[in-house]
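Structure first, commentary second.
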Amino acid sequence: MQIARMMEPKPRTLPSKAIEALRALQLELHYSKAELLEIYVNLLPYGSNVEGIGAACRLYFGKPLSALTPGEMALLAVIPRAPERFGPHRREGRLRERSWRSLLRRLHRQRALSKQGLDEAGALQDNLRRRPLPFLLPHASEWVKRTFPGKDRLYTTLSLSVQRLVEGLALQERNSLERRGIRNIAIVVLENRTMEIKALVGSQDYLSPQGGQVNGFLALRSPGSTLKPFLYAYALERGMITTETLLRDIPTDFGEYAPENFDAQYHGLVPAGEALAQSLNVPAVILQQRVGVAPFLALLKNSGLDSLREPKEYGLSLVLGGCGLSLLELTKAYSLFPLGGVSSSFRILQGEPVYRKRVFQPGTAYLISEILSRHNRPDFPSQWQETSDLVKVSWKTGTSYGRFDAWSIGFTPDYTVGVWVGNFDNRFRCGNAPSVPNSLPPLPGWRTPVVPEAFRPDPSGGVRLLGDGSQVRRGTDQEGLGPQEPCPRRDLYLPPTVLSRPVGSLQELPRKDGPR
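Just so you know, we're using my numbering here: the sequence shown kicks off at 183 and counts up by one.
So, in structure tokens, the structure goes:
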């Protein structure tokens with residue numbers, strides 16, 4: 183009868199008693215005594231809206247039932263007798279203390295509690311208090327439950343220690359971001375070897391009325407310049423450029439589209455590797471025009487960016503963020519660089535299969551990683567000359583058109599980390615993208631990577647094969663080369679790159695207003 187009453191509370195009337203008796207009979211017919219006892223203890227009231235012994239263990243002692251001591255068990259056995267009187271939220275002085283001790287001594291007399299347990303329970307009762315309910319991973323929990331419906335228990339790959347690190351990072355940056363009018367942040371941490379998601383932050387504060395419930399790592403936002411490494415990797419792998427191919431960074435009009443650099447400056451002829459490291463917009467658009475929107479879009483989809491639509495919906499602005507992507511898929515796509523050009527699906531549940539496919543050759547992934555690890559670049563901290571002891575991290579930042587979104591994606595051989603900051607309602611501009619070396623949490627294993635010996639350029643300056651057939655050569659691939667002195671620049675290139683000119687030195691060409 184008690185179980186039936188607790189399962190379906192009703193007014194204390196004769197019809198209610200009849201219904202409870204019928205329900206009790208049904209329970210007796212369908213469950214064993216042990217099962218009925220389990221149902222009973224999971225429905226016991228413990229005061230303050232706490233129901234069930236499992237919840238009481240967590241809230242009052244911060245541990246599971248299996249870890250309770252005899253004294254703790256005795257206290258939990260006493261509370262359901264009169265939850266509003268004996269619960270830890272009540273403080274009634276001597277009357278409450280006498281009632282506690284009377285019940286505990288009765289358990290001792292009935293040999294249900296040892297003398298040691300009696301003493302322990304007596305000491306515990308004065309310090310018994312309700313602990314705050316844990317509020318962890320709200321965005322991740324909602325996403326996982328929605329992705330895998332109908333399952334009672336889901337065991338994820340998320341790491342509580344890493345999650346606390348990145349949540350601490352978000353809290354640490356909160357005041358700095360809010361001073362610039364930025365109210366939200368999202369973070370994704372991937373472990374490259376296993377492709378397990380280790381941490382997910384969806385917003386600055388889930389309970390905030392300013393878009394706190396919006397899931398920032400799933401929201402589709404303009405990725406800014408974060409797609410440039412994929413374009414340069416495409417051109418490098420197909421021999422269209424080398425890292426030293428000179429690209430034009432000059433005012434260029436593509437019909438009705440005239441892109442500008444972030445700083446509104448132009449730099450003339452710039453080596454391709456430097457154009458990527460400096461995140462110059464005009465060379466990237468020129469290169470995309472040469473590659474073609476459809477092939478570039480196909481590459482991005484092959485890299486795991488599944489939110490992209492049909493080619494007819496995009497133009498030359500695609501490489502500058504003219505599309506919508508989520509932080510989660512962009513972070514997953516970047517993991518192909520530390521994985522040697524292999525794109526992999528991520529794993530959020532333990533034991534979930536991971537699917538892999540090759541997108542780039544290892545040498546291509548290496549070249550992009552090296553370019554993105556350079557320090558002398560505009561998105562590096564201003565004291566970059568003093569950061570020789572920093573962990574070697576490859577990273578790319580991006581800022582959307584209108585500067586409503588700021589991104590940083592960084593990776594080492596061990597982890598790939600994505601950070602987005604902005605406002606879901608686009609009320610304020612973000613300004614510059616966050617600096618990844620300052621933003622990345624101190625993850626376990628986040629260390630300076632050891633470059634494989636096969637990837638170390640030969641200091642003597644000759645042509646040298648890398649592990650996958652990539653080569654180091656002396657010289658540059660540019661217009662206006664002559665056969666004089668060897669060019670001192672060093673260039674990494676991949677076969678089947680074809681040089682458009684012999685390797686030599688720059689020539690001085692005459693013009694009306696003087697040499698150039």
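Ideal Cβ positions, reconstructed from N, Cα and C, are used throughout, including at glycine.
As the structure is a prediction and not an experimental result, all values here were calculated from the model.
Using 10 angstroms around the beta-carbon of L295, count the other beta-carbons present and answer buried if the total reaches 16, otherwise exposed. Start at 1 with the first residue of the sequence shown, and residue 295 comes out as number 113. Under this definition L295 is a buried residue.
Return yes when the Cβ of S489 is within less than 8 Å of the Cβ of S508, no when it is not. Position 326 of the sequence shown, counted from the start, is the residue given in the question as residue 508. Position 307 of the sequence shown, counted from the start, is the residue given in the question as residue 489. The Cβ atoms of S508 and S489 sit closer than 8 Å to each other.
Residue from P265, T195 and V326 whose Cα sits closest to the Cα of R335: The count along the sequence shown starts at 1 and reaches residue 335 at position 153. Ranking P265, T195 and V326 by Cα distance to R335 puts V326 first.
Rounded straight-line distance, which links the Cα of A238 to that of K245: By one-based count along the sequence shown, residue 245 stands at place 63. By one-based count along the sequence shown, residue 238 stands at place 56. Each residue's Cα considered, the two are about 9 Å apart.
As assigned by DSSP and simplified to three states, the class of N608: On the sequence shown, position 426 is the one that residue 608 refers to. Look at N608 here: in three-state DSSP terms it is coil, with no helix or strand label.
Per DSSP, what kind of secondary structure is R538 in: helix, strand or coil? On the sequence shown, residue 538 is found 356 positions in, with the first residue counted as 1. Looking at R538 - three-state DSSP - the assignment turns out to be strand.
With the cut-off set at 8 Å, would you say P227 and P262 are in Cβ contact? Sequence index remark: in the sequence shown, residue 227 carries index 45 (1-based). Sequence index remark: in the sequence shown, residue 262 carries index 80 (1-based). Cβ distance < 8 Å, so P227 and P262 count as in contact.
Reducing DSSP to helix, strand and coil, say where T598 ends up. One-based indexing of the sequence shown puts residue 598 at position 416. Here T598 sits in strand by DSSP.
Roughly how far, in whole angstroms, is the beta-carbon of V383 from the beta-carbon of I432, given that I think they are within contact range, below 8 Å? As a first step, residue 383 is located in the sequence shown; it is residue number 201 there, counting from the start. As a first step, residue 432 is located in the sequence shown; it is residue number 250 there, counting from the start. Their Cβ separation, rounded to whole angstroms, is 41 Å, which puts V383 and I432 out of contact at 8 Å.
Would you list, in sequence order, the uninterrupted beta strand (DSSP E) runs of no fewer than 3 residues that lie entirely inside the segment 394 to 468? Counting only runs of 3 or more, we get 428 to 431 and 450 to 453.
Would you grab the beta carbon distance between T581 and T513 for me? Rounded to a whole angstrom, and I think it's under 8 Å. As a first step, residue 581 must be located in the sequence shown, where it is residue number 399. As a first step, residue 513 must be located in the sequence shown, where it is residue number 331. In this structure T581 does not touch T513 by the C-beta definition: roughly 17 Å separates them, more than the 8 Å allowed.
Can you tell me which of the three DSSP states I553 falls into? In the sequence shown, counting from the first residue as 1, residue 553 sits at position 371. The answer is helix: DSSP assigns I553 an H, G or I state.
Cα-Cα separation, A480 to G486: Looking up residue 480 in the sequence shown gives position 298. Looking up residue 486 in the sequence shown gives position 304. A direct Cα-Cα distance of roughly 10 Å separates A480 from G486.
Residues in the same chain with beta-carbon distance under 6 Å from M188, minus the five sequence neighbours each way, listed in chain order, please. The residue you call residue 188 lines up with position 6 of the sequence shown. Answer for M188: L225, listed in chain order.
Sequence-distant residues of its chain with Cβ nearer than 6 Å to L409 (five each side left out): By one-based count along the sequence shown, residue 409 stands at place 227. For L409, where only same-chain residues beyond five positions count, the Cβ hits under 6 Å are V501.
If you follow the beta strand (DSSP E) that V383 is part of, which residue opens it and which one closes it? Locating residue 383 in the sequence shown gives position 201, where the first residue counts as 1. In the DSSP assignment, V383 falls within the unbroken beta strand (DSSP E) covering E378 to V383.
Nearest by alpha-carbon distance to A547: which of L518, F444, I468 and D301 is it? What you label residue 547 is simply residue 365 of the sequence shown in a count that begins at 1. Comparing Cα positions, the closest option is L518.
Taking C-alpha atoms, which residue in S555, G600, L347 and T338 lies nearest to Y398? The residue labelled residue 398 in the question sits at position 216 within the sequence shown. Here residue 398 turns out to be Gly, not Tyr, going by the sequence shown. Nearest option by C-alpha distance: G600.
Let me check understanding here. Comparing Cα to Cα, which of L400, Q386, P265 and L315 lies closest to R328? Residue mapping note: residue 328 aligns to position 146 of the sequence shown, counting from 1. Selected option, being the one with the closest Cα: L400.
Distance, Cα to Cα, S642 vs L549? Here residue 642 corresponds to residue number 460 of the sequence shown, with the count starting at 1. Here residue 549 corresponds to residue number 367 of the sequence shown, with the count starting at 1. Note on S642: pLDDT 39, under 50, position unreliable in the model; no value is reported.
Less than 6 Å between C-beta atoms, sequence neighbours within five positions excluded: which residues of the same chain meet that for D387? Locating residue 387 in the sequence shown gives position 205, counting from the first residue. Only residues of its own chain outside the window of five on either side were considered, and among them G394 have a CB closer than 6 Å to the CB of D387, listed in chain order.
What residue from L340, E233 and A249 has the CA that sits closest to E266's CA? Position 84 of the sequence shown, counted from the first residue, corresponds to residue 266. Out of L340, E233 and A249, the CA that lies nearest to the CA of E266 is found in E233.
Where R403 falls, given that 16 or more other Cβ within 10 Å makes a residue buried: Stepping through the sequence shown from its first residue, residue 403 is reached at position 221. The residue in question, R403, is buried, as its Cβ has 16 or more Cβ neighbours within 10 Å.
Please state whether DSSP places P477 in a helix, a strand or coil. Position 295 of the sequence shown, counted from the start, is the residue given in the question as residue 477. Helix at P477.
Would you mind working out which of T376, F436, H449 and A459 sits nearest I468, comparing C-alpha positions? Walking along the sequence shown from the start, residue 468 turns up at place 286. For the residues T376, F436, H449 and A459, the minimum Cα distance to I468 belongs to F436.
Under three-state DSSP, which class holds K327? Your numbering for residue 327 matches position 145 in the sequence shown. In the three-state DSSP reduction, K327 falls in the helix class (H, G or I).
Residue closest to Y537, alpha-carbon to alpha-carbon, out of R420, L498 and M377: Along the sequence shown, read from residue 1 onward, the residue named residue 537 stands at position 355. Each of R420, L498 and M377 was checked against the Cα of Y537, and the nearest Cα belongs to M377.
Please classify S125: is it buried, with 16 or more other beta-carbons within 10 angstroms of its beta-carbon, or exposed? This structure cannot speak to residue 125, because the chain is shown only from 183 to 698.
Just to check my reading of the structure: V371 and A381 have Cβ atoms closer than 8 Å, yes? What is that Cβ distance to the nearest angstrom? As a position in the sequence shown, residue 371 is number 189, starting the count at 1. As a position in the sequence shown, residue 381 is number 199, starting the count at 1. Contact holds; Cβ gap of about 4 Å.
Helix or strand or just coil, what does DSSP make of L372? Sequence index remark: in the sequence shown, residue 372 carries index 190 (1-based). In this structure, L372 counts as strand in the three-state DSSP scheme.
Between R287 and the rest of its own chain, which residues show a CB-CB distance below 6 Å, the 5 nearest in sequence each way excluded? Along the sequence shown, read from residue 1 onward, the residue named residue 287 stands at position 105. A distance below 6 Å between beta-carbons, with the five flanking residues on each side excluded, links R287 to no residue of its chain.
How many Å lie between R356 and A259 at the Cα? Locating residue 356 in the sequence shown gives position 174, counting from the first residue. Locating residue 259 in the sequence shown gives position 77, counting from the first residue. Taken atom to atom, the span from the alpha-carbon of R356 to that of A259 is near 44 Å.
Please report how far the alpha carbon of Y414 lies from the alpha carbon of A454, in whole angstroms. Your numbering for residue 414 matches position 232 in the sequence shown. Your numbering for residue 454 matches position 272 in the sequence shown. Here the alpha carbons of A454 and Y414 stand approximately 8 Å from one another.
Count the other CB atoms, across all protein chains shown, that sit within 10 Å of the CB of S214; report buried if there are 16 or more and exposed otherwise. For this step, residue 214 is matched to residue 32 along the sequence shown. So S214 counts as exposed.
How is the alpha helix (DSSP H) around S198 delimited, first residue to last? Position 16 of the sequence shown, counted from the first residue, corresponds to residue 198. Where S198 is concerned, the enclosing alpha helix (DSSP H) stretches over L196 to H212.
First and last residue of the alpha helix (DSSP H) that includes V260? As a first step, residue 260 is located in the sequence shown; it is residue number 78 there, counting from the start. In the DSSP annotation of this structure, the continuous segment of the alpha helix (DSSP H) that includes V260 starts and ends at P252 to V260.
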